[in-house]
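In what follows, a structure is listed as structure tokens, so that the remarks can point back to it.
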Amino acid sequence: MKVLLDTNALTMPAQFGIDLYDGLMALLGDFESITLEEVVGELSGLARGHGRDAAAARVGLELARRSRIVPSGSSAESVDDRLIEYARREGCIVVTNDRRLRNDLLREGIGVVSMRKERTLELISG
């Protein structure tokens, strides 16, 4: 199963103390994690800052290295739209805790893994 990680997903471990990969394995079984180059770019920009968000982005960059990093192949303006297009085209489930992105994905019929009660992951069918 292909699992696409967004910027928000990659910062969840630092922000909420969860083990993203173990949580996904427990929820989904064997999976292939994928991160878009554009997400790595967002994390790199955030990581150059200071404070908790920058620290979470640096952790996210380390976690992204455990994924297959790919270009989105999309000309959409926003990274969220690129995530949606890639997930639709490649048949991925998307991991995000971003409410707006989650709702957009579900409207498109794309499955979403999101955090529940700040400790566990849940799969929401699209």
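Just so it is clear: in the sequence shown, position 112 is 989 by my numbering, and no numbers are missing.
Using N, Cα and C, we set each Cβ at its ideal position, and we do this for glycine too.
Excluding the five sequence neighbours on either side, which residues of its own chain have a C-beta within less than 7 Å of the C-beta of residue i, listed in chain order?
i      : result
ASN885 : THR973, ASN974, ASP975
ALA953 : ARG959, GLU962
VAL971 : LEU881, ASP883, LEU960, ALA964, LEU982, ILE987, VAL989
Just to confirm, is the Cβ distance from residue i to residue j under 9 Å?
i      : j      : result
ALA934 : THR997 : no
PRO948 : GLU915 : yes
LEU923 : ASP930 : yes
Bridge partners for residue i per DSSP, in chain order?
i      : result
MET992 : LEU998
SER910 : VAL880
ARG966 : For ARG966, which the question treats as bridged, DSSP gives no partner whatsoever.
ILE946 : THR912
VAL972 : LEU882, VAL990
Would residue i be called buried (16 or more neighbouring beta carbons within 10 Å of its own) or exposed?
i      : result
MET992 : buried
SER955 : exposed
ALA964 : buried
ARG979 : buried
GLY900 : buried
ASP896 : exposed
ASP957 : buried
Rounded C-beta distance between residue i and residue j? I'm assuming under 8 Å.
i      : j      : result
ALA891 : VAL917 : Incorrect: roughly 16 Å between the Cβ atoms, too far for contact.
I'd like the list of long-range same chain contacts for residue i, defined as Cβ closer than 6 Å, with 5 residues on each side in sequence excluded.
i      : result
THR912 : LEU882, ALA941, SER944, ILE946
Using a Cβ-Cβ cutoff of less than 8 Å, which residues in the same chain neighbour residue i once the five nearest sequence positions on both sides are dropped?
i      : result
LEU905 : MET878, VAL880, ILE970, VAL990, LEU1000
MET902 : PHE908
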